[in-house]
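Student: Take a look at this one; I'll ask things after.
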Amino acid sequence: MAEITFSGVTKVFAGNVTAVDSLDLHVADGEFMVLVGPSGCGKTTALRMLAGLEEISSGTLSIGGQVVNNVLPKDRDVAMVFQNYALYPHMTVAQNMGFALKIRGESKAEVERKVREAATILRLGDYLDRRPRALSGGQRQRVAMGRAIVRSPQAFLMDEPLSNLDAQLRVEMRVEIARIQRLLGVATVYVTHDQIEAMTMGDRVAVMRGGQLQQVAPPQALYDHPANEFVAGFMGSPPMNLLRVRTSPSRGRVGIAVGDQRLDVPAAYGATHDLPRDEDAEVVLGVRPEDIDVVGSDVSGPTLKTRVERREALGAEILVHLSVADSGPASSVAYDEDAVVSRPTTLVARMAPQARVEVGDVLMVRLNEERLHFFDGRAGVTLRRERV
Amino acid sequence: MSVDTRRAAPEVATDDRARVRRVGRGALFLVMVGVAVVMLYPFWVMVVDSLKSENQFLSGHGFSWASWRTLTSTIPIAQEVVSSTIICAVSILLILLVGLPAGFAFAKLKFRASGVIFLAIVSAMMVPLQAILMPEFVNITRLGLTGGYTGAVLVYAALGTPFSVFLFATYFRGVPDELIEAGIVDGLGYVGALWRLVVPIAIPAIATVTVLQFIQIWDDLLVGLLFIQNTSERPITVGLAVLAAGRTTSIPALMAGSLVSALPAMMVYLIFQRYLVKGLTMGIDR
Numbered sequence: 001m002a003e004i005t006f007s008g009v010t011k012v013f014a015g016n017v018t019a020v021d022s023l024d025l026h027v028a029d030g031e032f033m034v035l036v037g038p039s040g041c042g043k044t045t046a047l048r049m050l051a052g053l054e055e056i057s058s059g060t061l062s063i064g065g066q067v068v069n070n071v072l073p074k075d076r077d078v079a080m081v082f083q084n085y086a087l088y089p090h091m092t093v094a095q096n097m098g099f100a101l102k103i104r105g106e107s108k109a110e111v112e113r114k115v116r117e118a119a120t121i122l123r124l125g126d127y128l129d130r131r132p133r134a135l136s137g138g139q140r141q142r143v144a145m146g147r148a149i150v151r152s153p154q155a156f157l158m159d160e161p162l163s164n165l166d167a168q169l170r171v172e173m174r175v176e177i178a179r180i181q182r183l184l185g186v187a188t189v190y191v192t193h194d195q196i197e198a199m200t201m202g203d204r205v206a207v208m209r210g211g212q213l214q215q216v217a218p219p220q221a222l223y224d225h226p227a228n229e230f231v232a233g234f235m236g237s238p239p240m241n242l243l244r245v246r247t248s249p250s251r252g253r254v255g256i257a258v259g260d261q262r263l264d265v266p267a268a269y270g271a272t273h274d275l276p277r278d279e280d281a282e283v284v285l286g287v288r289p290e291d292i293d294v295v296g297s298d299v300s301g302p303t304l305k306t307r308v309e310r311r312e313a314l315g316a317e318i319l320v321h322l323s324v325a326d327s328g329p330a331s332s333v334a335y336d337e338d339a340v341v342s343r344p345t346t347l348v349a350r351m352a353p354q355a356r357v358e359v360g361d362v363l364m365v366r367l368n369e370e371r372l373h374f375f376d377g378r379a380g381v382t383l384r385r386e387r388v
Numbered sequence: 001m002s003v004d005t006r007r008a009a010p011e012v013a014t015d016d017r018a019r020v021r022r023v024g025r026g027a028l029f030l031v032m033v034g035v036a037v038v039m040l041y042p043f044w045v046m047v048v049d050s051l052k053s054e055n056q057f058l059s060g061h062g063f064s065w066a067s068w069r070t071l072t073s074t075i076p077i078a079q080e081v082v083s084s085t086i087i088c089a090v091s092i093l094l095i096l097l098v099g100l101p102a103g104f105a106f107a108k109l110k111f112r113a114s115g116v117i118f119l120a121i122v123s124a125m126m127v128p129l130q131a132i133l134m135p136e137f138v139n140i141t142r143l144g145l146t147g148g149y150t151g152a153v154l155v156y157a158a159l160g161t162p163f164s165v166f167l168f169a170t171y172f173r174g175v176p177d178e179l180i181e182a183g184i185v186d187g188l189g190y191v192g193a194l195w196r197l198v199v200p201i202a203i204p205a206i207a208t209v210t211v212l213q214f215i216q217i218w219d220d221l222l223v224g225l226l227f228i229q230n231t232s233e234r235p236i237t238v239g240l241a242v243l244a245a246g247r248t249t250s251i252p253a254l255m256a257g258s259l260v261s262a263l264p265a266m267m268v269y270l271i272f273q274r275y276l277v278k279g280l281t282m283g284i285d286r
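Here the protein sequences line up with chains A and B, keeping their order. Here our numbering is used: the first residue of the first sequence is 1, the next is one more, and so on. Here our numbering is used: the first residue of the second sequence is 1, the next is one more, and so on.
Below is the structure:
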């Protein structure tokens, strides 16, 4: 078991395409690190460099304190689980699981013992003599896991191992993989584009975009204190509402104009955030769908008058799409090419299924004043002083 | 009483369609039987005529082993079969030993000018044997290899390799990269991944190359005639040519010889035909 360190690791492919740009990341011994981001963000390339399947253009990569830039994959002592499992089709489950040990020259008895132990952990005992084609998707996935764990490697590398499974099985295997990783305590780097996997499985989550690391933090910290607009928009489903607004200070307090409506920013934000004091400065206001409540017209705090545009009943909750009524051109949702796009001037609110809300209703909504997010209008980074 | 024509009409149509389909299938069956007869009749004639003496062949009645006795006493048929087998086996082994790694390299490894080199190798498939026979003969003679099997084996291997490289490269392109990468992370090198992971799943392609090359080499006369000058090492095709060129005029004995020559290729085909179809159609459904 060992820790993993990326120091300024860069990968430039032919044609001068930078897939990973100066990645600095430390994975502690026994830690479950999730690399998450949209397609083409460089997460899989980073993992492949760690496995030794891709050469490193610059920077250093070390496993257990040893620089492995020029170490062959077989000498890195890492085990990898692939997206399509990559089981050896001509071998039985037991042979698949024991293959790496056999190559390493371990005795037949030892290989058998380790395979049995792993099969017990993975509940594969009854399938050891089967070929991969006679297994279901979930069983194949477990064999792929088994092939990794029998080796007792220094690190597990997993490349979207659940993306070929159906939704229900994915939930089961999510729990299963997290359980096995905790049981074995091996440093794990897990690549996914699914932010639910990232939130539920990782000790820490590293969000990547365009080859660059955006933020590394425990899942809840990432959710509560995103470092920039991209992370804010990427983590959470539905994503955080991001409104491009302008400051409108009044009587010594910072306020913001959302269309022709004005919101007073609670004074507490002055102490924790670097909010612009000038008139008409551009900022991005972020608010999570669960932080929007319907209220009467007489309440205090940051409220907005909105109109219900659409209503999506999901059973356990309703997603209500609200347009900021009478909003002018000054207000629009901050667009980001990679973030989940929402319509301009629209907020999505998460409400209880009992909420009597119909399309066309005009609602007064209050934004949870303790959970507002502010980002720089140009750079998109958080205005919060204390970074996570 | 009214008749419900709306329901009856589709049934009639269905019956008609079924009848047309039955007739079509019957006609197709007859055509296939006809083709099978045309293909198998010469083989039948070969078998029946080889079991007759000269007189029985002329009269059209009776069976005997006389022609087989004539055949075995006129030419060393058993030894020629062994020679053909050795030439085929060693040539195919060489073709596989070169074709498998080369196909793997072209399909899975990145190296400079691989596309151009692959194109050059594939274009070598288009060159007919006759066009390079004389330079080959000069080369092999200079090397002093025209006596026994070696010269012929080298020529057959050189002629068969481009096709095998092409076929294996095509096949290996369909093998997921992850399978090889999994092996490499598990501790194999590229050579290990080829022999332990890729070759075992390439049986259809290997069978295809083996069968096609076997038939080609086994049935070839020209290379054996030119490159194998030791009479004790000549293949069955050369033996048959010698037989037909004056050792005997007995048609039944020639039929017996032809049968011995044709049987192995047919057997190899029948044994491997299951894989052969798979190997030749690979890539279609991807």
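C-beta atoms are modelled at their ideal positions from N, C-alpha and C, and glycine is treated no differently.
Within the chosen definition, does the stretch 286-299 of chain A reach the stretch 245-254 of chain A through at least 3 CB pairs nearer than 8 angstroms?
Tutor: No: fewer than three Cβ pairs fall under 8 angstroms.
Student: Report the neighbours of A/Pro73 on chain B: residues whose CB is nearer than 7 angstroms to its CB, in chain order.
Tutor: For the purposes of this step, residue 73 of chain A is taken as residue 73 along the first sequence, with counting starting at 1. What A/Pro73 touches in chain B: Ile184 and Val185.
Student: Which residue's Cα is closest to the Cα of A/Asn164: A/Arg174, A/Ala155, A/Leu157 and A/Phe156?
Tutor: Here the question's residue 164 of chain A lines up with position 164 in the first sequence. Per the Cα distances, A/Arg174.
Student: Is the Cβ of B/Ile92 closer than 7 angstroms to any Cβ of chain A?
Tutor: In the second sequence, counting from the first residue as 1, residue 92 of chain B sits at position 92. It does not: the Cβ of B/Ile92 has no partner Cβ on chain A nearer than 7 angstroms.
Student: What does the alpha-carbon distance come out to for the pair A/Tyr85 and B/Glu181?
Tutor: As a working note, residue 85 of chain A is residue 85 in the first sequence. As a working note, residue 181 of chain B is residue 181 in the second sequence. Computed Cα separation, rounded: 11 angstroms.
Student: Should B/Ala157 and B/Leu221 be called a contact, given that it needs their Cβ atoms to be closer than 7 angstroms?
Tutor: As a working note, residue 157 of chain B is residue 157 in the second sequence. As a working note, residue 221 of chain B is residue 221 in the second sequence. No, they are not a contact pair.
Student: Terminal residues of the continuous beta strand (DSSP E) containing A/Leu61?
Tutor: Counting from one through the first sequence, the residue named residue 61 of chain A turns up at place 61. Ser58 to Ile63 is the extent of the beta strand (DSSP E) around A/Leu61.
Student: Just to make sure I have the definition right: I need the residues of chain B whose C-beta is within less than 8 angstroms of the C-beta of A/Met80. Which are they?
Tutor: Position 80 of the first sequence, counted from the start, is the residue given in the question as residue 80 of chain A. Going along chain B in sequence order, the residues near A/Met80 (Cβ under 8 angstroms) are Glu181, Ala182 and Val185.
Student: Threshold first: 3 residues or longer. Then list the beta strand (DSSP E) segments lying entirely within the stretch 103-146 of chain B, N to C.
Tutor: List check, beta strand (DSSP E) in window: nothing returned.
Student: Drop a sphere of 10 angstroms on the beta-carbon of B/Trp218, count the other beta-carbons inside from all chains shown, and report buried for 16 or more, exposed for fewer.
Tutor: Locating residue 218 of chain B in the second sequence gives position 218, where the first residue counts as 1. With 16 or more other Cβ atoms within 10 Å, it is buried.
Student: Excluding the 5 residues flanking A/Gln168 on each side, which residues of the same chain have their C-beta closer than 8 angstroms to its C-beta?
Tutor: Within the first sequence, numbered from 1, the residue matching residue 168 of chain A stands at position 168. Closer than 8 angstroms at the Cβ level, and outside the excluded window around A/Gln168, lies no residue.
Student: Checking contacts by CB at 7 angstroms: is A/Ile121 closer than that to chain B?
Tutor: On the first sequence, position 121 is the one that residue 121 of chain A refers to. Taking Cβ atoms only, chain B never reaches closer than 7 angstroms to A/Ile121, which makes this a no.
Student: Measuring only between beta-carbons, confirm whether A/Pro89 sits less than 7 angstroms from chain D.
Tutor: Looking at the structure shown, chain D is missing, and the protein chains on hand are A and B.
Student: Inspect the beta-carbon positions of B/Gly103 and B/Phe214 and report whether they are closer than 7 angstroms.
Tutor: Numbered from 1 along the second sequence, position 103 holds the residue referred to as residue 103 of chain B. Numbered from 1 along the second sequence, position 214 holds the residue referred to as residue 214 of chain B. Contact flag unset, no.
Student: I need the DSSP call for A/Met199, collapsed to helix, strand or coil.
Tutor: Walking along the first sequence from the start, residue 199 of chain A turns up at place 199. A/Met199 falls in the helix class under three-state DSSP.
Student: Mind listing the chain B neighbours of A/Asn84? Cutoff is C-beta to C-beta under 8 angstroms, in chain order.
Tutor: Position 84 of the first sequence, counted from the first residue, corresponds to residue 84 of chain A. Near A/Asn84 (Cβ distances below 8 angstroms), the residues of chain B are Pro176 and Glu178.
Student: Straight-line CA distance for A/Ala79 to B/Ile184?
Tutor: Translated into positions along the first sequence, residue 79 of chain A becomes position 79. Translated into positions along the second sequence, residue 184 of chain B becomes position 184. Roughly 10 angstroms between the two C-alpha positions.
Student: Quick one: which unbroken beta strand (DSSP E) runs of 3-plus residues sit fully inside the stretch 148-226 of chain A? Chain order, please.
Tutor: Listed in chain order, the complete beta strand (DSSP E) runs (minimum 3 residues) inside the stretch 148-226 of chain A are 155-159, 187-192, 204-209 and 212-217.
Student: Measure how close the beta-carbons of A/Tyr190 and A/Phe6 come, nearest whole angstrom, since I'm counting them as under 8 angstroms.
Tutor: Your numbering for residue 190 of chain A matches position 190 in the first sequence. Your numbering for residue 6 of chain A matches position 6 in the first sequence. Actually they are not in contact, since the Cβ atoms of A/Tyr190 and A/Phe6 sit about 15 angstroms apart, beyond 8 angstroms.
Student: CB B/Ser50 to CB B/Leu259, shorter than 7 angstroms?
Tutor: Within the second sequence, residue 50 of chain B is the residue found at index 50, counting from 1. Within the second sequence, residue 259 of chain B is the residue found at index 259, counting from 1. Against a cut-off of 7 angstroms, the Cβ pair of B/Leu259 and B/Ser50 comes out as a contact.
Student: Name the DSSP bridge partner or partners of A/Ser22?
Tutor: Translated into the one-based positions of the first sequence, residue 22 of chain A becomes position 22. Answer is none; A/Ser22 lacks a bridge partner.
Student: Use the C-beta contact count for A/Ala334: other C-beta atoms within 10 angstroms, 16 or more gives buried, fewer gives exposed.
Tutor: As a first step, residue 334 of chain A must be located in the first sequence, where it is residue number 334. Confidence at A/Ala334 is low in this model, with a pLDDT of 40, below 50, so the placement of that residue is unreliable and no value is reported for it.
Student: Is any beta-carbon of chain A found at less than 7 angstroms from that of B/Pro204?
Tutor: The residue you call residue 204 of chain B lines up with position 204 of the second sequence. So no, B/Pro204 is outside the interface.
Student: For the alpha helix (DSSP H) containing B/Phe57, name the first residue and the last one.
Tutor: Against the second sequence, residue 57 of chain B aligns to sequence position 57. From DSSP, the alpha helix (DSSP H) with B/Phe57 extends over Glu54 to Ser59.
Student: Decide if B/Gln273 is buried, meaning its Cβ has at least 16 other Cβ atoms within 10 Å, or exposed.
Tutor: Along the second sequence, read from residue 1 onward, the residue named residue 273 of chain B stands at position 273. Answer is exposed; the Cβ neighbour count stays below 16.
Student: So A/Met145 and A/Ile103 are in contact, right, with Cβ under 8 angstroms, and what is the actual spacing, rounded?
Tutor: Walking along the first sequence from the start, residue 145 of chain A turns up at place 145. Walking along the first sequence from the start, residue 103 of chain A turns up at place 103. The Cβ separation is near 19 angstroms, so there is no contact.
Student: Could you have a look at A/Asn96 and say whether DSSP puts it in helix, strand or coil?
Tutor: Reading the first sequence from its first residue, position 96 is the one you call residue 96 of chain A. Reduced to three states, the DSSP call for A/Asn96 is helix.
Student: Is B/Pro235 near the ligand SAH, going by C-beta to nearest heavy atom under 6 angstroms?
Tutor: Ligands are entirely absent from the displayed structure, and the ligand SAH is therefore not among its contents.
Student: Please list the segments of the beta strand (DSSP E) lying wholly inside the stretch 240-275 of chain A, counting only runs of 3 or more residues, in order along the chain.
Tutor: Here the runs fully enclosed are 241-247, 255-258 and 261-264.
Student: Please look up how many angstroms separate the CB atoms of A/Ile63 and A/Ile149, rounded, as I've assumed it's under 8 angstroms.
Tutor: Taking the first residue of the first sequence as position 1, residue 63 of chain A is located at position 63. Taking the first residue of the first sequence as position 1, residue 149 of chain A is located at position 149. Not confirmed; about 18 angstroms, so no contact.
Student: On the premise that A/Met235 lies in contact with A/Gly42, defined as a C-beta separation below 8 angstroms, what is that separation, rounded to the nearest angstrom?
Tutor: For the purposes of this step, residue 42 of chain A is taken as residue 42 along the first sequence, with counting starting at 1. For the purposes of this step, residue 235 of chain A is taken as residue 235 along the first sequence, with counting starting at 1. The pair is not a contact, with the Cβ atoms about 18 angstroms apart (cut-off 8 angstroms).
Student: Considering Cα atoms alone, identify which of B/Ser53, B/Leu276, B/Ser232 and B/Tyr275 is closest to B/Ala78.
Tutor: Here residue 78 of chain B is taken as the residue at index 78 of the second sequence, counted from 1. B/Ala78 has its Cα closest to that of B/Ser232, out of B/Ser53, B/Leu276, B/Ser232 and B/Tyr275.
Student: Between A/Leu53 and A/Ala46, which are expected to be in contact by the criterion C-beta below 8 angstroms, what is the C-beta distance as a whole number of angstroms?
Tutor: Numbered from its first residue, the first sequence carries residue 53 of chain A at position 53. Numbered from its first residue, the first sequence carries residue 46 of chain A at position 46. In fact, because the Cβ distance is near 11 angstroms, the residues do not count as touching under 8 angstroms.
Student: In the structure shown, what three-state DSSP assignment does B/Gly257 receive?
Tutor: If you number the second sequence from 1, residue 257 of chain B lands on position 257. Three-state result, B/Gly257: helix.
Student: Name, in chain order, the residues that DSSP records as bridge partners for A/Val67.
Tutor: On the first sequence, residue 67 of chain A is found 67 positions in, with the first residue counted as 1. Note: A/Val67 sits in a beta bridge opposite A/Ser62.
Student: From the DSSP output, in three-state form, read off A/Arg371 for me.
Tutor: Taking the first sequence and counting its residues from 1, the one referred to as residue 371 of chain A is at position 371. In this structure, A/Arg371 counts as coil in the three-state DSSP scheme.
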